[in-house]
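Protein chains in written order, with this note's numbering: chain A, 1 to 294; chain B, 1001 to 1323; chain C, 2001 to 2558. Glycine included, C-beta positions come from ideal geometry on N, C-alpha and C. Note that this is a predicted model, so its numbers are computed, not measured. Shown next, in structure tokens, is the structure this report addresses.
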């Protein structure tokens, strides 16, 4: 199984621990990742506010490069996935695609509309399959209660994200949590917004979102939270101390990236997974699943 | 078809400890029934104390918005068959973000107050023409898409910002606001954009797509808010953190192809905005300690010249399209 | 006690237009509505609004004549002249207020064709014209600062010395009854479609104003004239706009034939509604239907037209039938849609009760006579709504305020207490409503005959007796929709009785009143309006000549 790998900006920026953990987990499953060299940012929805056509053109550039590689794209960020899926949907329209291709022409690129874009979560849940994930587990995370947190863009709008064809995607994160032997701590906020996009604009509201979701997850028994979105991670982990302060309440909920959770169950080294590089310590999780911390 | 409606009920006249409860109604309904049909059947033949609003049954009056299986929807547009969960149960609750009056009936006073806040009436400039205003059909056609809003409140119900910040004008009112900004007959676009640019306005949207997802009429409020943002910047409202963030983001992509988180923060807050930048220090220190820092030197992607060319072409096209 | 100069009951198009006019005339105005204004059923008007704009070569007289012909000569021609002459101004006014009417390539208002008219003079907003107008009038209402009693239900009119002096109303949210006094009350409560099952009308359309006026002594007029719309969905009665045919849609029978060729060789699908509904019903009755329906075929219009100009009905077809209009024909059939009859008013909206006005579907001026043309109802609401607003404001100014006894509230409190005290064993409001709806739809519908209409009349009488005994399970005060439903049923039964009375009295066929036992129009004896008065022993019929100005009755051919 081989993918054109689109790591996005944050996996090597604000969440540098994500990138190596993805590589390690992919390797265990025999997923070959061929990075799309020179791919740009998807626009993250921000560029699209300003100029949607610009965002679509940049994504079409990435799609064309993957198409040339003859591979489907794998993303590791809910936001990248969502923004690409929306662009992908619009680029199905031939007239619109021609318009975008006009812009790509000078770069010697043309997007023919054949690329598939898949988040690592779906690759694990659908292509590898939860059964195979379960088989590869060497350190079942039994007893660990994990709250799923999807990130908006991998959930909505459901049309471009293929939920009509794949209704099971609505529970893909839960299925992976169960496959690695952990228990799902379901809570109402799992598909809500983490607050990251308004962090610089309306910080109090952003902090209330962080506090609300993390505290709710704890109320529902969570030992930790897992997310397939590094932007959510930036807020839920990075801003957790501030959110706790604003809420005048301790939170202390470790937030794991999806490959970190899976990697733990695969027996991967916690340092390789970057579990020591979070703002909110993951120590309690490691203790609970019996990992020696050095 | 035998189904169970699991209805969240509320009766303010009951003793405090029995005001809220969940009630299961088992009803036999035809296969093509909607959730509203089923609720009406309950109300008419099982329990007339179940209160809900409804009228047209055809998704045009906007009365019957409620949460169905956890998400806001019109009862009359929700087909039972598509919603049946385990044991043929469908969960029905009142809308969110609005106080409940009784059962599925919520108090929409705040909803309408927010609509009022955007000055929701046409404000033409100058004297009225004798005949109609001359306006391109495309512009009117575009507005029909927004006028399709039936003010049902579904978007407000599931708005993630309103959940934590009551000050936000919210998706329905901002979509309504857009309807006037985009109307060629309205003469006060700039004043309006100034009004909507304030705190609680267009920049407070978190782009979570909830409103787009739940809107039963395809109004896509969030897209309208994004259009208002763009037009606000165009109209010269560039001082807000939101506008500065959007500009900083674009310039980062333009220069390096990817996002430079360091410069993004500095450019959004401003190099000399010491209080804001100092506020980031604790996180920066913690992150530094955990080796959780973006690289200090942000390298452009391979083929950055191409990215920039695309960037400029797309920007030019947009400018040309707007005349 | 709450006091206003003009109190408008109902916040649909007619009500809001009346309130705005009264406000502009300087009156202290309030609107009272049992639903939030934008929930009103004006929303469901889809196709458009008629107007002969003279600056583009149309002639109001042509519009007036076609309206007279459409009414099967039962419309009052002085009122129809006002309607047609004022139409252009009314449409331009709506455009100035902000309605996003469709345009032509020149940026001027565009038109589409509608039934019963040779010329395209229907102005429209895709297929959501009513919704677009309703929301724009609501914007104007917000701007005006008119007092709004939202979700208040009128339980009775306050009558003193033969004059209407206000209303007693229930605040639904609190369950509190209040007296609101005003020297002038305008009823704009819409039709009474829920008397029928099925109906295109929303569940709130329960004839409240008609029943209130009737009880107060104002006569209703031409109540037997019930319009069956040719294109409604079988399972829930939802409307499919006439614009579908205006844009060029075909009606096909089970054999795939465009059967309207036979019945209306010249206008075909765009003959007037009574004609098309009868033709469809004939096809169905003679075995050329498809499961009790005929087919509406829009495929040849193409996706572009369907998705821009008929987007809402496409959404309806997808939601309720799972059919895209661009891909397959949909089954439709005639369904109860509109009341040509209503509270008898003059051209200023005045009823025969001093201080009481009416406008819109609840009123009968009469501009629609025995059959309304499509896209004339929206026009009726804004033209006569405005006139009723002006006239009521002037009346209120002239009469001034009078003190009204609070005893009116106590009476209503006692009545409601009585309803809540009744037993709920066995019988229910819903059962009575359903039986009423079915008997009306079976017997006073597209085709009628003496025996059936009598059956309906007897059944309604019996249902009224049952209604007097039936209670409500919900004993609470807050948002007691069970109680409201019960009060509405009372209104509907009263109005249903007048429909049956009018239908039995009219011993001819005219417009929507098509009797198989008396198939011919009888101008010698029935070129007149049927007025229905309330008496202790039931409805009493009186007759009123039709006002004719320039058009003499002719044979009606399309």
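Partners in chain C for residue 1141 (chain B), counting only beta-carbon separations shorter than 7 Å
2308
Rounding to the nearest angstrom, what Cα-Cα distance links residue 1180 (chain B) and residue 1172 (chain B) in this structure?
13 Å
List the residues of chain B that residue 40 (chain A) touches, going by C-beta distances under 8 Å, in chain order.
1253, 1257, 1258, 1301 and 1307
Fully enclosed by the region 2398-2429 of chain C, which alpha helix (DSSP H) runs are 4 residues long or longer?
2407-2421
Closest by CA to residue 1292 (chain B), which one among A:5, A:11, A:15 and A:10?
A:15
According to DSSP, what are the bridge partners of residue 2009 (chain C)?
C:2032 and C:2187
So residue 2060 (chain C) is in the alpha helix (DSSP H); what residue range does that whole segment cover?
2060-2070
How is residue 2200 (chain C) classed by DSSP in three states: helix, strand or coil?
coil
For residue 2115 (chain C) and residue 2062 (chain C), I'd like the C-alpha separation in whole angstroms.
14 Å
For residue 1 (chain A), the three-state DSSP class (helix, strand or coil):
coil
Test item: CB-CB of residue 1048 (chain B) and residue 205 (chain A) under 8 Å
no
Would you identify the three-state DSSP class for residue 1269 (chain B), choosing helix, strand or coil?
helix
Which of helix, strand or coil does DSSP assign to residue 1215 (chain B)?
coil
Reduced DSSP category for residue 11 (chain A) - H, G, I as helix; E, B as strand; rest coil:
helix
Quick one: which chain A residues come within Cβ less than 9 Å of residue 1226 (chain B)?
45, 48, 49, 50 and 52
With a threshold of 8 Å between beta-carbons, can residue 1042 (chain B) be considered close to chain C, or not?
no
Is residue 2485 (chain C) near residue 2172 (chain C), with beta carbons less than 8 Å apart?
no
Hey, which unbroken runs of the alpha helix (DSSP H) at 4 residues or more fall wholly within the region 2101-2158 of chain C?
2129-2144
Residue 1101 (chain B): first and last residue of the uninterrupted beta strand (DSSP E) it sits in:
1100-1102
With three or more C-beta pairs closer than 8 Å as the rule, is the region 1073-1082 of chain B touching the region 1128-1146 of chain B?
no
Pop quiz: residue 1245 (chain B) and residue 201 (chain A) are said to be a contact at Cβ under 8 Å. What is the actual Cβ separation, rounded to whole angstroms?
7 Å
For residue 1224 (chain B) and residue 2544 (chain C), the rounded distance between their alpha carbons
55 Å
Where do the N-terminal and C-terminal ends of the alpha helix (DSSP H) with residue 1176 (chain B) fall, by residue?
1171-1181
Sort out for me which residues DSSP pairs residue 2363 (chain C) with in a bridge.
C:2343
Below 8 Å between beta carbons: does that hold for residue 2260 (chain C) and residue 2271 (chain C)?
yes
Under 9 Å, CB to CB, which of the residues in the region 2110-2132 of chain C have a partner in chain B?
2110, 2125, 2126, 2128, 2130, 2131 and 2132
Who are the Cβ neighbours of residue 2174 (chain C) in its own chain at under 8 Å, not counting the five residues just before and after it?
2477 and 2478
Do the region 2525-2535 of chain C and the region 2228-2248 of chain C make contact, defined as three or more Cβ pairs closer than 8 Å?
no
So the alpha helix (DSSP H) residue 2280 (chain C) belongs to, where does it begin and stop?
2273-2285
Would you say residue 66 (chain A) reaches chain B, if we count a Cβ-Cβ gap shorter than 8 Å as a contact?
no
Exposed unless 16 or more other CB atoms sit within 10 angstroms - verdict on residue 188 (chain A)
exposed
Looking at the secondary structure, which residues open and close the beta strand (DSSP E) in which residue 1947 (chain C) lies?
Summary: the structure shown does not reach residue 1947 (chain C), with chain C confined to residues 2001 through 2558, and so no result is reported for it.
Should residue 343 (chain A) be labelled buried (16 or more other beta-carbon atoms within 10 Å of its own) or exposed?
This structure cannot speak to residue 343 (chain A), because chain A is shown only from 1 to 294.
Residues in its own chain within less than 6 Å of residue 1189 (chain B) by CB, not counting five upstream and five downstream?
1181
Is the Cβ-Cβ distance between residue 1943 (chain C) and residue 2254 (chain C) less than 8 Å?
What the structure shows of chain C is the stretch from 2001 to 2558, and residue 1943 (chain C) is not part of that stretch, so it cannot be assessed.
Is residue 1097 (chain B) close to chain C, meaning its C-beta is less than 8 Å from at least one C-beta of that chain?
no
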